[in-house]
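Chemist:
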Amino acid sequence: MRTMIEPFRIRSVEPIRLTSAGEREEILQRAGFNPFLIDAEDVLIDLLTDSGTGAMSSEQWAGIMRADESYAGAASFRRFERTLQELTGFRHVLPTHQGRASERILFELIGGPGKVVPNNAHFDTTRANIEHSGAEAVDLPVAEARCPSVLHPFKGNMDIEALRHLIRTIGPARIPAVMVTVTNNSAGGQPVSLENLRAVRAVCDEYGLPLMLDACRFAENAWFIRTREPGQRDRPIRAIVREMFDLADGATISAKKDGLVNIGGVLLLRDDALFGRAGNLLILTEGYLTYGGVSGRDLEAMAQGFREVVEEDYLAYRIRSVEYLGEQLMRSGIGIVQPPGGHAIYLDAARFCPHIPASRFPGQAVVCGLYRTAGIRAVEIGSLMFGGEGRPDPPLELVRLAIPRRVYTQSHMDYVAEACAELHRRASGLRGLRIVEAPSVLRHFTARFAEIVPADTDRSDRTVADVLARPPQAVSTAG
Ligand code: F0G
Numbered sequence: 005m006r007t008m009i010e011p012f013r014i015r016s017v018e019p020i021r022l023t024s025a026g027e028r029e030e031i032l033q034r035a036g037f038n039p040f041l042i043d044a045e046d047v048l049i050d051l052l053t054d055s056g057t058g059a060m061s062s063e064q065w066a067g068i069m070r071a072d073e074s075y076a077g078a079a080s081f082r083r084f085e086r087t088l089q090e091l092t093g094f095r096h097v098l099p100t101h102q103g104r105a106s107e108r109i110l111f112e113l114i115g116g117p118g119k120v121v122p123n124n125a126h127f128d129t130t131r132a133n134i135e136h137s138g139a140e141a142v143d144l145p146v147a148e149a150r151c152p153s154v155l156h157p158f159k160g161n162m163d164i165e166a167l168r169h170l171i172r173t174i175g176p177a178r179i180p181a182v183m184v185t186v187t188n189n190s191a192g193g194q195p196v197s198l199e200n201l202r203a204v205r206a207v208c209d210e211y212g213l214p215l216m217l218d219a220c221r222f223a224e225n226a227w228f229i230r231t232r233e234p235g236q237r238d239r240p241i242r243a244i245v246r247e248m249f250d251l252a253d254g255a256t257i258s259a260k261k262d263g264l265v266n267i268g269g270v271l272l273l274r275d276d277a278l279f280g281r282a283g284n285l286l287i288l289t290e291g292y293l294t295y296g297g298v299s300g301r302d303l304e305a306m307a308q309g310f311r312e313v314v315e316e317d318y319l320a321y322r323i324r325s326v327e328y329l330g331e332q333l334m335r336s337g338i339g340i341v342q343p344p345g346g347h348a349i350y351l352d353a354a355r356f357c358p359h360i361p362a363s364r365f366p367g368q369a370v371v372c373g374l375y376r377t378a379g380i381r382a383v384e385i386g387s388l389m390f391g392g393e394g395r396p397d398p399p400l401e402l403v404r405l406a407i408p409r410r411v412y413t414q415s416h417m418d419y420v421a422e423a424c425a426e427l428h429r430r431a432s433g434l435r436g437l438r439i440v441e442a443p444s445v446l447r448h449f450t451a452r453f454a455e456i457v458p459a460d461t462d463r464s465d466r467t468v469a470d471v472l473a474r475p476p477q478a479v480s481t482a483g
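Residue numbers (our numbering): 5 to 483.
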């Protein structure tokens, strides 16, 4: 059989609404050209994130009905704890309300001024939590990660030589932990090989440093290891997952990804003393040790989700459905980060609209174009997300089409591919943007923009609104 079907039946549906082009224009302008500020019911296909947007299974919903909501020692917590212990081999399991809560606790304990935390590439909340503690977050991706068109099976890998160089330069005492993000979200949802993880572990052992995983998408990473890494093909997914976690001293996990739930997170730690201190912080701001800021029903849903995500039929479908979208885009001549990632397709926005410089956010221009064309919501991962406040522009200007788990069908993906192809044909008409207002941290969530008149028709940085308000002659006589 050539077609890989969705390995589930759909028994509950939620209508989605197609808006007119005129409505979308008005909605986009009202949202200050930032799709984070658009209401979800005005979006047709929502590819903003794969986080917390998945569909739960009938078994997860059954768990929700069965849940024990006791404050301490609930049966739902024990099921959650046992599931994670069996899956990861970690004895100490703390529930949190989402990934960034685990990060906040971890870096409050091990971060601080003068410290440096290397990673293959930090996700934005991880970086923000490290910086919030006063420490510095450093990305050490392999060189291949910087080139979207280069084919490499494990573009998520960490640059081992760069890691050694960093440790030798600043000294191990300033590094509280080395972190590896699986899969590497910021570099295109690309996987990290077992070989690379083992090499990072060896460097950590050499210098006596702990290794922490940011393991939000551990199951997708394990699938890539099995299908791409020599010698892994015949191993069960669970065995690969276990080896990944065995290499680490701790892990922060957002269960909103491979936990297949709408809310929830995990903090895993091997060290007894660190676990004790983390537990105290958990009680301080999240909740007691056996619920950590979520309800018993959330713990049940996570326990079941973490079991389902390592099922091989599910993972085969998951990875194939993302790859299917990537193949269609490439056939239309659209540049994407290759090969397709585990949870998302990343459009190469610099190639999509070469006429828009990084300072004018080419990725955001594509994001606005996708919403205008087809009601699709995507997210910029480039100068807007990572730049600003004296930071250097990131090496890539990307637009992420993140695919929620078990939500959209193949025909939804066909529609997305057609919309991208249509926008690509008209890409020369896309306009850059400038920020009108933005907060100082994590600015991409709430910044508002104005569109800039294309440089070839107007050399000043006037916005479209300026031009409409004042005819060009008035501007030239005044100037
Ligand atoms: N680490 C990675 C690699 C992530 O992708 C995310 C979230 C987090 C940590 C934080 O987890 O949201 O549960 O607090 N990523 C989402 C995304 C938001 O859209 O990629 P959280």
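Note that the Cβ used here is the ideal one computed from N, Cα and C, for glycine as well.
Can you tell which of Val-457, Arg-281, Val-445 has the C-alpha that lies nearest to the C-alpha of Thr-129?
Modeler: For the residues Val-457, Arg-281, Val-445, the minimum Cα distance to Thr-129 belongs to Val-445.
Chemist: Does the pairing of the stretch 183 to 199 with the stretch 146 to 161 give three or more beta-carbon distances under 8 Å?
Modeler: Counting Cβ pairs under 8 Å, three or more are found: they touch.
Chemist: Give the range of the alpha helix (DSSP H) segment to which His-416 is assigned.
Modeler: Per DSSP, His-416 belongs to the alpha helix (DSSP H) from 414 to 429.
Chemist: Within 6 Å: the Cβ of Phe-12 and any heavy atom of the ligand F0G?
Modeler: No, the Cβ of Phe-12 stays beyond 6 Å of every heavy atom of the ligand F0G.
Chemist: Tell me whether Ser-258 counts as near the ligand F0G, meaning its Cβ is closer than 6 Å to at least one heavy atom of that ligand.
Modeler: Yes, since a heavy atom of the ligand F0G falls inside the 6 Å radius drawn around the Cβ of Ser-258.
Chemist: Evaluate the contact criterion for the stretch 297 to 311 versus the stretch 253 to 271: three or more CB pairs, one atom per stretch, below 8 Å.
Modeler: Enough Cβ pairs lie closer than 8 Å, so yes.
Chemist: In the DSSP output, which residue or residues are listed as bridge partners for Arg-131?
Modeler: Bridge partners of Arg-131: none, in fact.
Chemist: Alpha carbon to alpha carbon, what distance is there between Cys-208 and Phe-228?
Modeler: For Phe-228 and Cys-208, the distance between alpha carbons rounds to 24 Å.
Chemist: Measure the alpha-carbon distance for Leu-213 versus Pro-176 and round it to whole angstroms.
Modeler: Straight-line Cα distance between these residues: approximately 7 Å.
Chemist: Could you have a look at Glu-315 and say whether DSSP puts it in helix, strand or coil?
Modeler: Glu-315: coil per DSSP, three-state reduction.
Chemist: Taking Cβ to Cβ, would you say Pro-344 is nearer than 7 Å to Gly-367?
Modeler: No, they are not a contact pair.
Chemist: For Thr-461, which residues of its own chain have a beta-carbon under 7 Å away from its beta-carbon, when the five flanking residues on both sides are left out?
Modeler: The predicted model places Thr-461 with a pLDDT of 43, which falls under 50 and marks its position as unreliable, so this point remains unresolved.
Chemist: If you follow the beta strand (DSSP E) that Glu-485 is in, where does it begin and where does it stop?
Modeler: Absent from the model: residue 485. The displayed extent of the chain is 5 to 483, so no value can be given.
Chemist: Are the Cβ atoms of Asn-200 and Asn-161 separated by less than 7 Å?
Modeler: Yes; because the gap between Cβ atoms is below 7 Å, this pair is in contact.
Chemist: Report the three-state DSSP secondary structure of Tyr-486 (helix, strand or coil).
Modeler: Because the chain in this structure spans residues 5 to 483, residue 486 falls outside the shown range and cannot be described.
Chemist: Secondary structure at Gly-6, three-state DSSP: helix, strand or coil?
Modeler: This sequence places Arg at residue 6; Gly is not what is there. It is coil, neither helix nor strand.
Chemist: Could you check whether the stretch 424 to 438 touches the stretch 358 to 377, counting it as contact only if at least three pairs of C-beta atoms, one from each stretch, sit closer than 8 Å?
Modeler: As far as the Cβ criterion goes, the stretch 424 to 438 touches the stretch 358 to 377, which means the pair count is three or higher.
Chemist: Taking the DSSP output, what are the residues bridged to Ala-255?
Modeler: Ala-255 pairs with Leu-217, Leu-272.
Chemist: For Ser-80, which residues from the same chain have a beta carbon less than 6 Å from its beta carbon, with the 5 sequence-adjacent residues on both sides left out?
Modeler: Once the five neighbours on either side are set aside, the close Cβ partners of Ser-80 are Ala-71, Asp-72, Gly-300, Leu-303, Glu-304.
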